[in-house]
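**Student:** Numbering of the sequence shown is given in our numbering, commencing with residue 193 and proceeding in unit increments.
Note that CB positions come from ideal geometry on N, CA and C, so glycine has one too.
In this text, all values refer to a predicted model and were calculated from it rather than measured experimentally.
For reference, the structure I am asking about is given below.
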Amino acid sequence: MPVFLRLLAYLRPYRLTFILCLGLVGLISAMELLKPWPLKLAVDQIIGRTPLELWGWTIDPAAISLSLQLATVVGLLLGVHFLVGFAQLLNNYLTIRMGQNMVQDLRCDLFQHLQRQSLLFHQKWPTGDLIYRIMGDTYSVQTLLMNGVFTTLTSTAMLIGMLVVCLRMDVELTIYAVCIIPFLFLAISRVSRRIGDLTTETHMKESQVYTTVERIFSSISLVQAFAREEEEKKRFVAESQHSFDRKLSLYALQTIYGWLIGGITAVGTALVLYIGVSHVLDGSLSTGELLIFISYLATLYTPLSSLSTTVAGIRGSLAQAKRVIDVMSMDQSVHEDPDAAPLAVTDCQVRFEGVSFGYDPEKPVLTDVAFACPGGSTVAVVGQTGAGKTSLISLLLRFYDPQKGVITIDGQDLRRVTLKSLREKIAIVLQETQLFPMSVHENIAYGKRKASREEVVRAATLANAHDFITALPEGYDTLLGERGANLSGGQRQRLAIARALLKDAPLLILDEPTSALDAETEALIMQGLERLMTNRTTFIIAHRLSMMRRADLILVIKDKHIKEMGTFDELMQAGGEFARLHGIQMGTIPA
193 MPVFLRLLAY LRPYRLTFIL CLGLVGLISA MELLKPWPLK LAVDQIIGRT
243 PLELWGWTID PAAISLSLQL ATVVGLLLGV HFLVGFAQLL NNYLTIRMGQ
293 NMVQDLRCDL FQHLQRQSLL FHQKWPTGDL IYRIMGDTYS VQTLLMNGVF
343 TTLTSTAMLI GMLVVCLRMD VELTIYAVCI IPFLFLAISR VSRRIGDLTT
393 ETHMKESQVY TTVERIFSSI SLVQAFAREE EEKKRFVAES QHSFDRKLSL
443 YALQTIYGWL IGGITAVGTA LVLYIGVSHV LDGSLSTGEL LIFISYLATL
493 YTPLSSLSTT VAGIRGSLAQ AKRVIDVMSM DQSVHEDPDA APLAVTDCQV
543 RFEGVSFGYD PEKPVLTDVA FACPGGSTVA VVGQTGAGKT SLISLLLRFY
593 DPQKGVITID GQDLRRVTLK SLREKIAIVL QETQLFPMSV HENIAYGKRK
643 ASREEVVRAA TLANAHDFIT ALPEGYDTLL GERGANLSGG QRQRLAIARA
693 LLKDAPLLIL DEPTSALDAE TEALIMQGLE RLMTNRTTFI IAHRLSMMRR
743 ADLILVIKDK HIKEMGTFDE LMQAGGEFAR LHGIQMGTIP A
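Dropping the structure here:
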């Protein structure tokens, strides 16, 4: 029920449409009750020549021509059916549109919620599963609205109306008609819960298939390089078969469920037919009234069957909705202080004060990190793979928050400034180049959306990317493949550097910026980077220690701490960890 109430919040913007749909439900129910009456008039009043009692008036069929009576009955029959059809058409359109809007709202909220989550959340949660929850499970809100709320309201209104009419015609027959209801609800309670459980299992298996597909195709080059296609196919077939088996079990149970409900209603119909005919024979019920009763009975069992099916459908939809709400209830985002102010950068002085951090708080990656970086200086971060270099930079970007300590820029605690203003002041080139399936121009201008073509070309030229871009089929308007697959590793890296150059932020982060470049290209790019780094605070992560020579401060991270810090010459003279790493790279010290 809490899940259902949470989803109902998405109905609030469409409450006027919902009220209109409720009115249409009432109209449809009333018209459905009128459907069998033209048949009674034809049998009792026209064929049986019985006077019609209507609201205290007695109408003698003999006083009206037969052709007029037939025309009236046929007109009533057609009028009621066309009115019901039009009302149902309008109601279906409105409910479908309302349901689709609610799905869109829920989907956007879930997408936005996931965007706010920390990198740690996304590193732990399978991407394929999140995609399935966004694209598949969000439809539960429409299913609950159309097959839950409106089906329940329509069926309940029809049920009450028919019981009232039937009781006025024949109390005993009505009692026999409703005596099967307890058996229907017994079947509902026994089977629908299992249907809900199977639905949950089915969606879990389906999301696992999405996860498997996403994982394989995101690493397709590795799969092909190691000739693992057959093994991955077997893995996919196994996951898909598990999903198929769950679906087959679900469909089989739903089929048995429908057969059981149909059998119970058939018993009720046979019982009413047997008793009803005897009442017609003894004169307590007219033939037309029996026809109305039988007609109502079919329609009476229809809402009962709909309610039983609806309960099972609601359980399945709630299982889907719970998967959405469960994710939305998790909040592993980097929280922004309600009173956070925009970051005001003057000199761009960066300071770490007693910072400790671990992806698991019980297993720290960095412990008691402390250093000060003057504005406009260059800081190089050195250490072996896994030492915590990228973690330190991620803290500066507030991808994560430290468990202890404070990080400031110009004396402003990063936890007290808005995330948007912080990240707007930082340009970054990541170790793993991220490009989008957009044009070259759009990729370079990703951090500065309104950049002119001249600005983009200038940044590309500084990054030594202009020549290869102009050689592409459509130059700067060339569309890139997924993750820039139609470019070489060096070309992708140069576009990422151009993107950082164009942003022109006061704080620059370079994470292995020249790792995919040859020596000649690296030298050309470093010229552009050096111009960019002038009067900017720059953090560099690089395994090539030769890049550290111009750094104002070098941080050597080892065993979760800053082992050494100083300039290149100071650390080399000290003969410590940095000198050892440099000697290993230069080949003067054995690894």
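For glycine 575, collect the residues of the same chain with a Cβ closer than 7 Å to its Cβ; drop the 5 residues on either side in sequence, then sort them by chain order.
**Tutor:** Numbered from 1 along the sequence shown, position 383 holds the residue referred to as residue 575. The answer, listed in chain order, is Lys581, Val748, Ile749, Lys750.
**Student:** Between Ile220, Ala430, Ala417, which lies nearest to tyrosine 402 when the distance is taken from Cα to Cα?
**Tutor:** Locating residue 402 in the sequence shown gives position 210, counting from the first residue. Taking only the C-alpha atoms, the option nearest tyrosine 402 is Ala430.
**Student:** Is histidine 774 helix, strand or coil when you go by DSSP?
**Tutor:** Position 582 of the sequence shown, counted from the start, is the residue given in the question as residue 774. Histidine 774 falls in the helix class under three-state DSSP.
**Student:** Quick check: what's the CA-CA separation for arginine 686 versus leucine 693?
**Tutor:** One-based indexing of the sequence shown puts residue 686 at position 494. One-based indexing of the sequence shown puts residue 693 at position 501. One C-alpha to the other measures close to 10 Å.
**Student:** What are the boundary residues of the alpha helix (DSSP H) that serine 613 is part of?
**Tutor:** One-based indexing of the sequence shown puts residue 613 at position 421. Serine 613 -> alpha helix (DSSP H) spans 611-616.
**Student:** Candidates Thr335, Leu268, Met350, Leu286: which alpha carbon is nearest leucine 225's?
**Tutor:** Start at 1 with the first residue of the sequence shown, and residue 225 comes out as number 33. Among Thr335, Leu268, Met350, Leu286, the Cα nearest to that of leucine 225 belongs to Met350.
**Student:** State the DSSP-derived secondary structure class of arginine 590, mapped to helix, strand or coil.
**Tutor:** Counting from one through the sequence shown, the residue named residue 590 turns up at place 398. Correct three-state label for arginine 590: coil.
**Student:** Under 8 Å, do aspartate 297 and tyrosine 443 count as touching if we go by C-beta distance?
**Tutor:** For the purposes of this step, residue 297 is identified with residue 105 of the sequence shown, where counting begins at 1. For the purposes of this step, residue 443 is identified with residue 251 of the sequence shown, where counting begins at 1. Not closer than 8 Å, so no.
**Student:** Examine the Cβ distances between the segment 532-539 and the segment 305-325 and report whether three or more of them are shorter than 8 Å.
**Tutor:** no
**Student:** Could you give the DSSP three-state label for aspartate 523: helix, strand or coil?
**Tutor:** Translated into the one-based positions of the sequence shown, residue 523 becomes position 331. In this structure, aspartate 523 counts as coil in the three-state DSSP scheme.
**Student:** Would you decide whether valine 173 is buried or exposed? Buried here means 16 or more other CB atoms lie within 10 Å of its CB.
**Tutor:** Here the chain comprises residues numbered 193 to 783, so residue 173 is not present and cannot be evaluated.
**Student:** For leucine 584, which of Leu699, Leu558, Pro566, Gly568 has the nearest alpha-carbon?
**Tutor:** Your numbering for residue 584 matches position 392 in the sequence shown. The shortest C-alpha separation from leucine 584 is found at Leu558.
**Student:** If you draw a straight line from the alpha carbon of serine 435 to that of phenylalanine 428, how long is it in whole angstroms?
**Tutor:** Along the sequence shown, one-based indexing puts residue 435 at 243. Along the sequence shown, one-based indexing puts residue 428 at 236. One C-alpha to the other measures close to 11 Å.
**Student:** Can you look up arginine 543 in the DSSP assignment and give me helix, strand or coil?
**Tutor:** Working through the sequence shown from its first residue, we reach residue 543 at position 351. DSSP places arginine 543 in strand when its eight states are reduced to three.
**Student:** Using alpha carbons as the reference points, say which of Pro194, Leu269, Leu270, Thr287 lies closest to tyrosine 206.
**Tutor:** Taking the sequence shown and counting its residues from 1, the one referred to as residue 206 is at position 14. Checking every option, the nearest Cα to that of tyrosine 206 belongs to Thr287.
**Student:** From the DSSP secondary-structure annotation, give me the bridge partner or partners of histidine 753.
**Tutor:** Working through the sequence shown from its first residue, we reach residue 753 at position 561. Histidine 753 is bridged to Lys750.
**Student:** Identify which residue in Phe544, Lys425, Glu398 has its Cα closest to the Cα of phenylalanine 409.
**Tutor:** Position 217 of the sequence shown, counting from 1, holds the residue named residue 409. Per the Cα distances, Lys425.
**Student:** Whole angstroms are fine: how far does the CA of histidine 305 sit from the CA of aspartate 389?
**Tutor:** Position 197 of the sequence shown, counted from the start, is the residue given in the question as residue 389. Position 113 of the sequence shown, counted from the start, is the residue given in the question as residue 305. Taking the straight line from one Cα to the other gives about 27 Å.
**Student:** In whole angstroms, what separates the C-alpha of arginine 615 from that of arginine 382?
**Tutor:** Numbered from its first residue, the sequence shown carries residue 615 at position 423. Numbered from its first residue, the sequence shown carries residue 382 at position 190. Approximately 55 Å, taken between the alpha carbons.
**Student:** I'd like the ranges of any alpha helix (DSSP H) spanning at least 4 consecutive residues and lying wholly in the segment 620-694.
**Tutor:** 632-636, 645-654, 658-662
**Student:** Just curious, the beta strand (DSSP E) that valine 571 is in, first and last residue?
**Tutor:** As a position in the sequence shown, residue 571 is number 379, starting the count at 1. Where valine 571 is concerned, the enclosing beta strand (DSSP E) stretches over 570-574.
**Student:** Can you tell me whether valine 561 is helix, strand or coil according to DSSP?
**Tutor:** Looking up residue 561 in the sequence shown gives position 369. Note: valine 561 maps to strand in three-state DSSP.
**Student:** Kindly indicate the opening and closing residues of the beta strand (DSSP E) around aspartate 703.
**Tutor:** Translated into the one-based positions of the sequence shown, residue 703 becomes position 511. Aspartate 703 -> beta strand (DSSP E) spans 699-703.
**Student:** Would you call histidine 395 buried or exposed, if buried means 16 or more other Cβ atoms sit within 10 Å of its Cβ?
**Tutor:** As a first step, residue 395 must be located in the sequence shown, where it is residue number 203. Burial call: buried.
**Student:** Identify whether leucine 745 lies in helix, strand or coil by the three-state DSSP scheme.
**Tutor:** Residue 745 sits at position 553 when you count from the first residue of the sequence shown. Strand, per DSSP.
**Student:** Where does the unbroken beta strand (DSSP E) through glycine 597 begin, and where does it stop?
**Tutor:** Position 405 of the sequence shown, counted from the first residue, corresponds to residue 597. Counting along the chain, the beta strand (DSSP E) containing glycine 597 begins and ends at 596-601.
**Student:** Rounded C-beta distance between methionine 290 and threonine 209? I'm assuming under 8 Å.
**Tutor:** Here residue 290 corresponds to residue number 98 of the sequence shown, with the count starting at 1. Here residue 209 corresponds to residue number 17 of the sequence shown, with the count starting at 1. Contact flag correct, Cβ pair sits at about 5 Å.
**Student:** Would you tell me roughly how many angstroms separate the C-alpha atoms of valine 363 and isoleucine 484, rounded to the nearest one?
**Tutor:** The count along the sequence shown starts at 1 and reaches residue 363 at position 171. The count along the sequence shown starts at 1 and reaches residue 484 at position 292. Near 14 Å, if we compare the C-alpha coordinates of isoleucine 484 and valine 363.
**Student:** My output table needs one value for serine 548: the three-state DSSP class, helix, strand or coil.
**Tutor:** Taking the sequence shown and counting its residues from 1, one reaches residue 548 at position 356. DSSP places serine 548 in strand when its eight states are reduced to three.
**Student:** Could you work out which residue in Ile517, Gln280, Leu440, Gly271 is closest to leucine 200 when comparing CA atoms only?
**Tutor:** Here residue 200 refers to the residue found at position 8 when the sequence shown is read from its first residue. Closest by C-alpha distance to leucine 200, out of Ile517, Gln280, Leu440, Gly271, is Ile517.
**Student:** Tell me whether lysine 555 sits in a helix, a strand or coil according to DSSP, three-state version.
**Tutor:** By one-based count along the sequence shown, residue 555 stands at place 363. Here lysine 555 sits in strand by DSSP.
**Student:** Which residue wins for smallest C-alpha separation from valine 526, given the options Arg607, Ile620, Ile601?
**Tutor:** Taking the first residue of the sequence shown as position 1, residue 526 is located at position 334. Of the listed residues, the one whose Cα sits closest to valine 526 is Arg607.
**Student:** Just the Cα atoms here: how many angstroms apart are glycine 277 and alanine 643?
**Tutor:** Locating residue 277 in the sequence shown gives position 85, counting from the first residue. Locating residue 643 in the sequence shown gives position 451, counting from the first residue. Their Cα atoms are separated by approximately 56 Å.
**Student:** Could you please give the first and the last residue of the uninterrupted alpha helix (DSSP H) stretch that includes isoleucine 211?
**Tutor:** In the sequence shown, counting from the first residue as 1, residue 211 sits at position 19. Segment 207-226, the alpha helix (DSSP H) holding isoleucine 211.
**Student:** In whole angstroms, what separates the C-alpha of glutamine 626 from that of valine 295?
**Tutor:** Numbered from 1 along the sequence shown, position 434 holds the residue referred to as residue 626. Numbered from 1 along the sequence shown, position 103 holds the residue referred to as residue 295. So the two alpha carbons sit approximately 30 Å from each other.
**Student:** Excluding the 5 residues preceding and the 5 following proline 230 in the sequence, name in chain order all residues of the same chain whose CB lies nearer than 6 Å to its CB.
**Tutor:** By 1-based counting over the sequence shown, the position of residue 230 is 38. Here the set comprises Val265, Leu268, Leu269.
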